[in-house]
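Visitor:
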DNA sequence: AAATCTATATACAGACCTGTATATATAAGA
DNA sequence: TCTTATATATACAGGTCTGTATATAGATTT
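Residue numbers (the working numbering), protein chains in the order written: chain A, 5 to 191; chain B, 5 to 191.
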């Protein structure tokens, strides 16, 4: 991938999270990235296409990092579930953290026919599915139910952490996840 | 309050939730409300002012309904806490439900200097504070912690329920809240 | 050195948005 | 009937946004 294209993606990811997607114009993006609109439209067919690529990249980076960490640091399936929020906290509190794109995108694009909305809700579904598979492997009865509960807490905590860094939301989310997982394991 | 002003508020509340705030122009609002821009700008000094009044009204309606229900249907403080999500579910699944304004508004207005952002995060704080006071009365040690956990679940479930009606999010949110409250009561 | 590829600079068309100005209609009260 | 208050109809100024057109500069290849 061209270095300029990569730079545009990084800058757009940042601006979308800090100023909102709809409120960030392409002029602002190219100015911050130190390039011009002609170059942006060479690598991306439209602003919507740029948004979609930003979402794709963010989601892939997070998912592959997370499953990598869980696979190499936890062996038993129930350990993976227990350590899930430990690693999520590590990700969210890292200086490189730029927010979870799909959470904000689904709020800014509520129209179900929008491609952005469709991708972001698909990513949310995929993440829930991943948690559910961890729960299944740990022999939890209602795996989908626990996955939904954990994803509610996760999305809420990420949003809170984004709005106010160091809000403590992640700490209490971690505690809540422990309680819910324990309760699901003993039932 | 003038009937036209009230009509504009209702229509704007609806459109903001279904299409997004920034994506909804005042022209659309007045067309759906069956009036004109001149009338809208008579009752509201600006679009931002309209957004703020929509948020105020939505929050007041919810908070007064909720505390009314809790005060008349639960006597012991711990009962109020236990029944909190029962009533929230009733509110969210009612046909009149138009979403919780402050959840979406904080996502669409991430700039901390924005008056809309400030109001919506203040409302979020107030709601959390209300839950915390219920927890305190029920003699829960870390009342603020539990309030944060419950509000994370609440905001996540409302957002999920908005995105997909009948998603079952509310049902599992209710279960999660029971588990977390029980855990907090016995510690 | 000539040709080609990539990025820049700049301008602008077309669409949309907020907020206002102007002129008109409608209905109620004096 | 005359006046006053309220709502409508319509047009538009000024701004922002996306996406494109045109011309130019720099660098690499042949």
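Glycine residues also receive a C-beta, built at the ideal position from the N, C-alpha and C atoms.
Taking only heavy atoms of the ligand NAP into account, decide whether any of them is closer than 6 Å to the Cβ of residue 146 of chain B.
Guide: The ligand NAP is absent from the structure shown, which contains no ligands of any kind.
Visitor: Answer yes or no: does any C-beta atom of chain B fall closer than 7 Å to that of residue 180 of chain A?
Guide: Yes, residue 180 of chain A counts as interfacial toward chain B.
Visitor: What does residue 169 of chain A reach in chain B if we use C-beta pairs closer than 8 Å?
Guide: In chain order: nothing, as chain B lies at least about 11 Å away.
Visitor: Between residue 108 of chain A and chain B, is any beta-carbon pair separated by less than 7 Å?
Guide: Yes, its Cβ sits closer than 7 Å to a Cβ of chain B.
Visitor: Straight-line CA distance for residue 154 of chain B to residue 8 of chain A?
Guide: The alpha-carbon atoms of residue 154 of chain B and residue 8 of chain A are separated by roughly 44 Å.
Visitor: Please report how far the alpha carbon of residue 150 of chain B lies from the alpha carbon of residue 188 of chain B, in whole angstroms.
Guide: Distance between the alpha carbons of residue 150 of chain B and residue 188 of chain B is about 7 Å.
Visitor: Taking only beta-carbon atoms, is residue 183 of chain A less than 7 Å away from chain B?
Guide: Yes, its Cβ sits closer than 7 Å to a Cβ of chain B.
Visitor: Is residue 34 of chain A near residue 44 of chain A, with beta carbons less than 7 Å apart?
Guide: Yes; because the gap between Cβ atoms is below 7 Å, this pair is in contact.
Visitor: Mind checking whether residue 157 of chain A and residue 177 of chain A have CB atoms under 7 Å apart?
Guide: Cβ atoms of residue 157 of chain A and residue 177 of chain A: closer than 7 Å.
Visitor: Whose CA, out of A:23, A:21, A:36, A:94, lies closest to the CA of residue 11 of chain A?
Guide: The candidate whose alpha carbon is nearest that of residue 11 of chain A is A:36.
Visitor: Check whether chain A comes within 7 Å of residue 93 of chain B, counting only Cβ atoms and requiring the distance to be less than that.
Guide: So, not an interface residue.
Visitor: What residues in its chain sit with their C-beta under 8 Å from that of residue 6 of chain B, if we drop five residues either side in the sequence?
Guide: If we look at residue 6 of chain B and ignore the five residues flanking it on each side, its Cβ neighbours are 47.
Visitor: For the pair the stretch 21-31 of chain B and the stretch 107-120 of chain A, tell me if three or more CB-CB distances fall below 8 Å.
Guide: Enough Cβ pairs lie closer than 8 Å, so yes.
Visitor: Please name the residues in the stretch 133-157 of chain A whose beta-carbon is closer than 8 Å to at least one beta-carbon of chain B, in chain order.
Guide: Under the 8 Å Cβ criterion, the stretch 133-157 of chain A contributes 149, 152, 153, 155, 156, 157.
Visitor: Please report how far the alpha carbon of residue 63 of chain A lies from the alpha carbon of residue 75 of chain B, in whole angstroms.
Guide: C-alpha separation (whole angstroms): 44 Å.
Visitor: Roughly how many whole angstroms lie between the Cα atoms of residue 56 of chain A and residue 39 of chain A?
Guide: For residue 56 of chain A and residue 39 of chain A, the distance between alpha carbons rounds to 20 Å.
Visitor: Apart from the five residues just before and just after residue 61 of chain A, which ones in its own chain have a Cβ nearer than 8 Å to its Cβ?
Guide: Closer than 8 Å at the Cβ level, and outside the excluded window around residue 61 of chain A, lie 13, 17.
Visitor: Quick one, are the C-beta atoms of residue 106 of chain A and residue 124 of chain A less than 7 Å apart?
Guide: For residue 106 of chain A and residue 124 of chain A, yes; Cβs fall inside 7 Å.
Visitor: Which of the three DSSP states, helix, strand or coil, is assigned to residue 12 of chain A?
Guide: The answer is helix: DSSP assigns residue 12 of chain A an H, G or I state.
Visitor: Please confirm if residue 105 of chain B has its CB atom under 7 Å from at least one CB of chain A.
Guide: No, residue 105 of chain B does not count as interfacial toward chain A.
Visitor: Beta carbons nearer than 9 Å to chain A: which residues of the stretch 112-135 of chain B have them?
Guide: Hits within the stretch, in order: 112, 113, 114, 115, 116, 121, 125, 128.
Visitor: Grouping DSSP H, G and I as helix and E and B as strand, with all else coil, what is residue 101 of chain B?
Guide: Coil at residue 101 of chain B, not helix or strand.
Visitor: Would a C-beta distance cut-off of 7 Å place residue 142 of chain A and residue 85 of chain A closer than the cut-off?
Guide: Contact: yes.
Visitor: In three-state DSSP terms, what is residue 35 of chain B?
Guide: Here residue 35 of chain B sits in helix by DSSP.
Visitor: List, in chain order, every chain B residue whose beta-carbon is nearer than 9 Å to that of residue 22 of chain A.
Guide: Those are 114, 115, listed as they occur along chain B.
Visitor: List in chain order: all unbroken alpha helix (DSSP H) runs of 4+ residues lying wholly within the stretch 43-111 of chain A.
Guide: Fully enclosed alpha helix (DSSP H) runs of 4 or longer: 51-77, 81-97.
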